[in-house]
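Numbering (the working numbering), first residue to last: 112 to 288. Quick reminder that beta carbons are idealized off the backbone N, C-alpha and C, glycines included.
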Ligand SMILES: Cc1cc2nc3c(=O)[nH]c(=O)nc-3n(C[C@H](O)[C@H](O)[C@H](O)COP(=O)(O)O)c2cc1C
């Protein structure tokens, strides 16, 4: 595969590594820089406590401060943004990222993993928070079900299948020649 000539950044949030695995698959096709979003104050280990905190943050519109800093965002033409579905929405830390950096004029490409309920309002929120960006069709795939103790699943056969689906998607949105 010929990588796209664009300068690419792949930013992702991942708690149990499923979204990270998709980020790495995308990276294997398009190259560029990979960056994990880390928080100044990480979420609790406990799933239920995390869900409760996220529900509260969504209610109040709290944007958790990020530890991750992206150097010279202006040099990137295309920014992939990957996040799990949390509370059927975009997780607050990805909202922090999209608020903090000026992404106008860039192509912003969303991707997602979820427990089988889909992306919810996550991709719509990308459109709302990046009104001056070009936003191609996003990619979403079933990942883990932490509620039921199912954590990392993008491995083995599932990883192979995800790799094929990602390739078709990247071709459709013309990020792969
Ligand atoms: C706080 C929290 C809330 C979640 N809410 C949802 C949800 O509303 N719908 C859904 O399908 N999955 C939900 N999930 C499951 C994750 O989206 C799924 O496990 C995803 O693959 C995790 O990605 P990661 O491994 O990159 O962290 C939630 C997970 C967490 C931790």
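Within 9 angstroms, strictly: CB atoms of residue i and residue j
| i | j | result |
| --- | --- | --- |
| residue 176 | residue 150 | yes |
| residue 160 | residue 263 | no |
| residue 252 | residue 187 | no |
| residue 226 | residue 270 | no |
| residue 286 | residue 247 | yes |
Nearest to residue i (by Cα), restricted to the options the options
| i | options | result |
| --- | --- | --- |
| residue 122 | 198, 167, 206 and 155 | 206 |
| residue 103 | 269, 284, 266 and 273 | Shown here, the chain extends from 112 to 288; a query on residue 103 therefore has no answer. |
| residue 275 | 136, 255 and 226 | 136 |
| residue 240 | 214, 250 and 224 | 214 |
| residue 299 | 272, 216 and 196 | Since the first residue shown for the chain is 112 and the last is 288, residue 299 is missing from the structure and cannot be characterised. |
| residue 278 | 140, 117 and 124 | 140 |
Straight-line Cα distance separating residue j from residue i
| i | j | result |
| --- | --- | --- |
| residue 173 | residue 153 | 14 angstroms |
| residue 203 | residue 155 | 14 angstroms |
| residue 198 | residue 235 | 14 angstroms |
| residue 282 | residue 138 | 14 angstroms |
| residue 266 | residue 185 | 34 angstroms |
| residue 288 | residue 230 | 27 angstroms |
| residue 134 | residue 170 | 29 angstroms |
| residue 180 | residue 200 | 23 angstroms |
| residue 183 | residue 228 | 36 angstroms |
| residue 332 | residue 168 | As shown, the chain starts at 112 and ends at 288. That puts residue 332 outside it, with no answer to give. |
| residue 178 | residue 142 | 24 angstroms |
| residue 157 | residue 117 | 40 angstroms |
| residue 238 | residue 232 | 10 angstroms |
| residue 147 | residue 124 | 6 angstroms |
| residue 280 | residue 268 | 19 angstroms |
| residue 273 | residue 254 | 10 angstroms |
| said: For the region 253-263 against the region 119-135, do three or more pairs of beta-carbon atoms, one drawn from each stretch, fall closer than 8 angstroms, so that the two count as touching? | reply: yes
| query | Is the number of C-beta pairs between the region 208-218 and the region 156-171 that are closer than 8 angstroms three or more? | reply | no
| message | Below 8 angstroms, how does it come out for the region 214-223 and the region 186-199: are there three or more Cβ pairs, yes or no? | response | yes
| query | Unbroken beta strand (DSSP E) runs of length 3 or more, entirely within the region 143-195: which are they? | reply | 144-147 and 189-195
| Which ranges does the beta strand (DSSP E) cover as unbroken runs of at least 3 residues, wholly within the region 199-229, from first to last along the chain? | 218-225
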